[in-house]
Amino acid sequence: MTLAKPQTQNLEFDCDTGNYHTFCPISCVAWLYQKIEDSFFLVIGTKTCGYFLQNAMGVMIFAEPRYAMAELEEGDISAQLSDYAELKRLCEQIKRDRNPSVIVFIGTCTTEIIKMDLEGLAPSLEAEIGIPIVVARANGLDYAFTQGEDTVLAAMVQRCPTSADLDSPAEKEERNSIQKLLNFGRQKAEETPAITTEMKDHPNLVIFGSVPDPIVTQMTLELKKQGIQVGGWLPAKRYTELPVLDEGDYVVGINPFLSRTATGLMRRRKCKLIGAPFPIGPDGTRAWVEKICSVFGIEPQGLADREAKIWASLEEYLAIVRGKSVYFMGDNLLEISLARFLVRCGMTVPEIGIPYMDKRYQAAELALLEKTCHEMAAPLPKIIEKPDNYTQIHRIQQLQPDLVITGMAHANPLEARGINTKWSVEFTFAQIHGFANARDILELVTRPLRRNNSLRDLGWDKLIQEEVNV
Amino acid sequence: MKLAYWMYAGPAHIGTLRIASSFKNVHAIMHAPLGDDYFNVMRSMLERERDFTPVTTSVVDRHVLAQGSQEKVVDNIVRKDHEETPDLIVLTPTCTSSILQEDLQNFVERASLDAQCDVLLADVNHYRVNELQAADRTLQQIVQFYIEKAQKKGELPTEKTDNPSVNIIGMTTLGFHNNHDRTELVKLMGDLGIDVNLVLPDKASVDQIKQLPRAWFNLVPYREVGPATATYLQETFDQPTVDITPMGIVETARCIRVIQKVLNAQGATVDYEAFIDEQTRFVSNAAWFSRSIDCQNLTGKKAVVFGDSTHAAAMTKILTREMGIHVVLAGTYCKYDEAWFREQVGEYCDEILISEDHGAIADKIATIEPAAIFGTQMERHVGKRLDIPCGVIAAPIHIQNFPVGYRPFLGYEGSNQLVDLIYNSFTLGMEDHLLEIFGGHDTKEVITKTVSANGDLNWTTDALTELKRVPGFVRGKVKRNTEKFARDHGHSNIDVEVMYAAKEAVGA
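This is the structure:
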């Protein structure tokens, strides 16, 4: 059996040159402006930032998005214009045209380099125009892709009210209490019939991470089945509905890239972090719910059955992936959780590239990955932080994996060389959390395999004239 | 600061990268933060490129911010030289790196000592030029570098080719239908008995640049990319330039006649008149189309044109001169080239709009209510919102504007393609309103797609039915004019009588 070996094998970590392709973290405005319905995102940067957003967001750009560029001109760079006056002018225009409940300033590489003091400007600007201004430095100097959301949520942590705030009339006024009350009333009315389980007595629990509304409902219900009442979500549907956070409240993350938000919640709001694997895949979802239950001293009910049923329903997909290998080039920080799920599905993972590895925040996920590998008798993957795409493509050529999960810059060239690829970005935009969405993940993972299976006998899987010069 | 939602032309470094990655075996290294290599995604996705895009980043991160790039850029250049053995590495500054004010030229000089390949620093100012200007500049810079290098080594051929020959300058990666235009122009030159000396930069190798002076003349089909190079060659080698875009039947003929003049001035004796006549009347179908009764139906229809200078100007001329269509407004986002554009289209349209603001052109379209728009992807979406068909004639473009099939815009086949594009845009609109005149496929209740200014007026059922009979593309205008008339004359109910009174009064 495998009893003798497990303790000798440990996950191997490495750090490479950081020469890899990923999206700029300002891309987080694409999903956050949709999530936070009364927000307006102002990206303070250059044409380069604007061009990226315009191209990355595709058709969304034509739908009158609630985001815009504050495009810096030569006069801004050389400080001939006053940052404060310029931003005030733009904010007033936004207030007039859109009347948002919050304006989020996204600081970029340029604002970092010219040291524009956005955090310093925001409070007085906020007082002057009467709209909250949240500052997030989501720049490519420091962060990759999904970490952009982390910087925004970390900034919002400070804006969540305490229950004491809500008692003060002034605060209530500011948070638009009437609308909030109306919403509360509506939510309660909707929720009442759904409650079938008896609620357990437990401390307040807030979940952090931006997920589409259906996922919010599904995960809230999942916990309700265990008698756990979710006290709120960070972010909520509207900025004016940010959850109440008190000292000693419990918080749990839903995504693997939220380490700054977690740190902010612990250090600045004195919340207790539940370190759990992430609810991606049925194994992850079960572990996530179990961990929350165990912290609250609740015996989880019916989870094993539920997980088994989901796995059984996935059999047609599992038959396709079993025994196949998958290589993660790394660009969105979901890699560890996805790899863990795919190992459980019967795949092998030679390498996991990842932009940034927070071993503390992801500790439970890493432990589950290791455990899963042992249980499935799969070799432990090598985890490469800050990968180097050039050397990775070398290794891909040698390993010839059955599937490479990669960014769009490399997908077509790899396909032309007969290597199956799946664009990693799709995992960020698809619904992948909870029991019900495991099918969606496998739908994505197997799509290239299914497609290429149907083309297999045509004899044109390699479509370049000479082998790549690497 | 400028509040901006959309831009027509990209940042400068995109232009530089388009030039570098058009050449064979040229590598670009961007001095940029993580995530700025979005160009690779565009090239890989839009052009469905099979090869890895030869662009990498020397990443600017916190350490670079604190201490400067130090050895990093030089190491990355030397490493790439070793890995891929390119002929040339173009160090590409970005908006971020240009404000760091590092001495990139110094890095280039140091790297040249260790690298086998040539190393150049792209000389563009990110806050002053856009993608198109930067592309034009970079191409000229690379050409000049290799011409001067060959001159120094004494390898520069001075003899012209025996046969008349041409350099076609300005075909690039991610250019609007450039790959098809290239094929079409090469074919056209073949038909004219002109050898193609070199196509630049698309798929050319930098070693071939020194052959440029051998051509009898340079053909620069696009206004945006290539003129700087042609001017340089003209000044240095007295090599003539033909810069007429052969787009549309009339302009193609004009281009060929100028080529004829240029060749004959250098001792050739060519007469292309018979060829032009044959092509125009019998080979291409565009001239015949403009005479056919289909095209007669387009007479006086209103159109709006917007795009880059080349395509918007050529399109305006084709619509007005070759099809009798009424171009109400022609515009371009190439602000830096305003004078040229005005001079080109001045006599072919009522109004000219030079703007980089997509809102300005959208407002104009909404006011003019043309029967068809010819613009970029942005105008296509404006058209969608207003229910006006749009033919896409210029970048910025999406993946569907990189067709797999043969779709040139230039030359005689290009004019055939344009006929289809124009005719299909208009017929779609016609079909659409015919359907509506006869009540559509289903008897839906929606009577008008334009939003009424306000609801203080009451339309009677009869009047609404009558309004429904008005062709779709003018219905909004009729409705507004009628309401304005009713308000001016104090009618709160609009019935059929009021409608016709309005029509008589204002010609609505």
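Chains as they are written, first to last, in my numbering: chain B, 155 to 624; chain V, 2 to 509.
Built from N, CA and C at the ideal position, the CB exists for glycine as well.
Given the structure is predicted, the values throughout are model-derived calculations rather than measurements.
Limits of the alpha helix (DSSP H) - the one that residue i falls within
i, result
"Thr202/B", "Lys201 to Ala210"
"Trp341/V", "Glu339 to Val346"
"Gly376/V", "Not the alpha helix (DSSP H): Gly376/V falls in the beta strand (DSSP E), residues Ala373 to Gly376."
"Ser22/V", "Ala13 to Ser23"
"Met43/V", "Tyr39 to Leu47"
Same chain, Cβ closer than 6 Å to residue i, five either side skipped, listed in chain order
i, result
"Ala532/B", "Val497 and Thr502"
"Ile20/V", "Ala136, Thr139, Leu140 and Pro202"
"Ala570/B", "Leu617 and Ile618"
"Glu505/V", "none"
"Asp170/B", "Ile538, Lys540, Pro541 and Asp542"
"Thr174/V", "Arg19, Ser22 and Ser23"
Residue i at chain V interface by Cβ criterion, 8 Å
i, result
"Leu268/B", "Sequence check: residue 268/B is Ile here, not Leu. Yes, its Cβ sits closer than 8 Å to a Cβ of chain V."
"Glu273/B", "no"
"Phe583/B", "no"
"Asn574/B", "no"
"Met211/B", "no"
"Phe411/B", "no"
"Pro555/B", "no"
"Ala276/B", "no"
"Ala570/B", "yes"
9 Å Cβ cut-off: residues of chain B touching residue i
i, result
"Tyr334/V", "Near Tyr334/V there are no residues of chain B at all, since even the closest Cβ is about 13 Å away, more than 9 Å."
"Leu186/V", "Residues of chain B passing the Cβ test: none, with the nearest at roughly 25 Å."
Proximal chain V residues relative to residue i, where beta-carbon distance stays under 7 Å
i, result
"Glu246/B", "Going along chain V, no residue has its Cβ under 7 Å from Glu246/B, so there is no contact; the nearest lies around 11 Å."
"Gly204/B", "Ala5 and Met8"
"Gly294/B", "Pro34, Leu35, Gly36 and Asp37"
"Phe177/B", "Gly36"
CB contact check: residue i to chain B, cutoff 8 Å
i, result
"Glu357/V", "no"
"Pro390/V", "no"
"Phe238/V", "no"
"Val61/V", "yes"
"Ala454/V", "Here Ala454/V scores only 44 on pLDDT, less than 50, and its place in the model should not be relied on; the value that follows carries that caveat. No, Ala454/V does not count as interfacial toward chain B."
"Lys118/V", "Checking the sequence shown, residue 118/V turns out to be Cys, not Lys. Chain B, which has no Cβ nearer than 8 Å to the Cβ of Cys118/V, makes this no."
"Met31/V", "no"
"Asn41/V", "yes"
"Ser206/V", "no"
"Asp124/V", "no"
"Thr139/V", "no"
For residue i, the first and last residue of its enclosing beta strand (DSSP E)
i, result
"Trp614/B", "Careful: Trp614/B lies outside any beta strand (DSSP E) and carries neither H nor E."
"Ser59/V", "Val56 to Val60"
"Pro202/V", "Asp196 to Pro202"
"Glu539/B", "Lys536 to Glu539"
"Asn219/V", "Phe218 to Leu220"
"Phe108/V", "Element bounds for Phe108/V: not the beta strand (DSSP E) but the alpha helix (DSSP H), Leu105 to Asp115."
"Phe167/B", "Glu166 to Cys169"
"His32/V", "Val27 to Ala33"
9 Å Cβ cut-off: residues of chain V touching residue i
i, result
"Gln208/B", "Tyr6, Trp7, Met8, Gly11 and Pro397"
"Gly172/B", "Leu35, Val60 and Asp62"
Cβ shell of residue i (< 7 Å), same chain only, five flanking positions each side left out
i, result
"Ala677/B", "The structure shown does not extend to residue 677/B, since chain B spans only 155 to 624, so no value can be given for it."
"Thr461/V", "Asn494, Ile495 and Asp496"
"Arg1/V", "Nothing can be reported for residue 1/V, as the shown portion of chain V is limited to 2 through 509."
"Gly229/B", "Leu235"
Per-residue contacts from residue i into chain B (C-beta, under 8 Å)
i, result
"Ile100/V", "Ile231, Thr264, Ile267 and Ile268"
"Asp52/V", "Pro567, Ala570, Ile618 and Val622"
Contact with chain A by residue i, beta-carbon distance below 8 Å
i, result
"Arg19/V", "Any reference to chain A falls outside this structure, whose protein chains are B and V."
Contact set for residue i: own chain, Cβ-Cβ below 8 Å, skip 5 residues either direction
i, result
"Ser285/V", "Ile250, Tyr413, Glu414, Ser416 and Asn417"
"Lys81/V", "His28, Ile30, Thr57, Pro87 and Ile90"
"Ala343/B", "A caution first: Ala343/B carries a pLDDT of 41, below 50, which makes its placement in the model unreliable, though a value can still be read off. No residues qualify anywhere along the chain."
"Glu246/B", "Ile283"
Unbroken alpha helix (DSSP H) runs of length 4 or more, entirely within the stretch 246-312 of chain V: which are they? 250-266, 274-279, 287-292 and 294-297
Segments of 4+ residues assigned as alpha helix (DSSP H) that fall wholly inside the stretch 471-495 of chain V: 473-489
Pick out the complete beta strand (DSSP E) segments inside the stretch 457-492 of chain B, 3 residues or longer, and give them in chain order. 480-482
In chain order, what are the residue ranges of uninterrupted beta strand (DSSP E) at least 3 long that sit wholly in the stretch 366-433 of chain B? 386-388, 404-407 and 426-428
Please specify which runs of the beta strand (DSSP E), each continuous and at least 3 residues long, are wholly inside the stretch 203-278 of chain B, giving them in chain order. 221-225 and 256-261
To test your reading of the DSSP string, which unbroken beta strand (DSSP E) runs of 3 or more residues are found completely within the stretch 372-423 of chain V? 373-376 and 391-393
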